[in-house]
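What follows is a set of notes on a single structure, which appears directly below.
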Amino acid sequence: TNPSDVKCIYTSVWPDNEYTRLICEPESGTIEYILDGSNAGYYAIFYNNISEEEIQKYIDQLKTLGYAEEASASESVSTGVLLRKDETWISIAYSEGGFGIRISVEKS
Numbered sequence: 079t080n081p082s083d084v085k086c087i088y089t090s091v092w093p094d095n096e097y098t099r100l101i102c103e104p105e106s107g108t109i110e111y112i113l114d115g116s117n118a119g120y121y122a123i124f125y126n127n128i129s130e131e132e133i134q135k136y137i138d139q140l141k142t143l144g145y146a147e148e149a150s151a152s153e154s155v156s157t158g159v160l161l162r163k164d165e166t167w168i169s170i171a172y173s174e175g176g177f178g179i180r181i182s183v184e185k186s
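Printed below as a string of structure tokens:
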């Protein structure tokens, strides 16, 4: 992926696009910035001001939409979860006070 294909957007508004329509918006937290890598097949949204409990609630909401947990890993300072539904992959990484959601779609 060419870094120039990725746009960094500073916003606090949930974006409406082909990627974000595949998931629900978290009920808590504040959007800090977005990485628009749609030319490279992904879109990422980064949050702050959110607790680990609120992130877990969000992961549970994604599971009710049909996403299944494919993998998870936890260290002392951060946790990552990988969810999948059909061709859509959701990668969630979080550490104290912040988390990122990366949405990618496999091209068939």
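Counting in my numbering, the sequence shown runs from 79 upward without gaps.
Think of the CB as a built atom: it goes at the ideal place given N, C-alpha and C, for glycine as much as any other residue.
Reducing DSSP to helix, strand and coil, say where residue i ends up.
i    : result
T157 : strand
K135 : helix
N117 : helix
E130 : helix
K185 : coil
T98  : helix
T89  : coil
According to the neighbour-count rule (16 or more other Cβ atoms, all chains shown, within 10 Å of its Cβ), is residue i buried or exposed?
i    : result
A146 : exposed
Y88  : exposed
L140 : buried
If you check the beta carbons only, do residue i and residue j fall under 8 Å apart?
i    : j    : result
R180 : S173 : no
I123 : G178 : yes
V159 : G119 : no
Y125 : G176 : yes
C86  : L143 : no
> Quick one: any contact between the segment 146-159 and the segment 97-115, if contact means 3 or more CB pairs under 8 Å?
Replying inline: The segment 97-115 and the segment 146-159 do not touch, with fewer than three beta-carbon pairs separated by less than 8 Å.
>> Would you call the segment 157-164 in contact with the segment 103-110, where contact means no fewer than 3 C-beta pairs closer than 8 Å?
In response: Result no; under three Cβ-Cβ pairs closer than 8 Å.
> For the segment 129-136 against the segment 87-97, are there 3 or more C-beta pairs whose distance is under 8 Å?
Replying inline: As far as the Cβ criterion goes, the segment 129-136 does not touch the segment 87-97, which means the pair count is below three.
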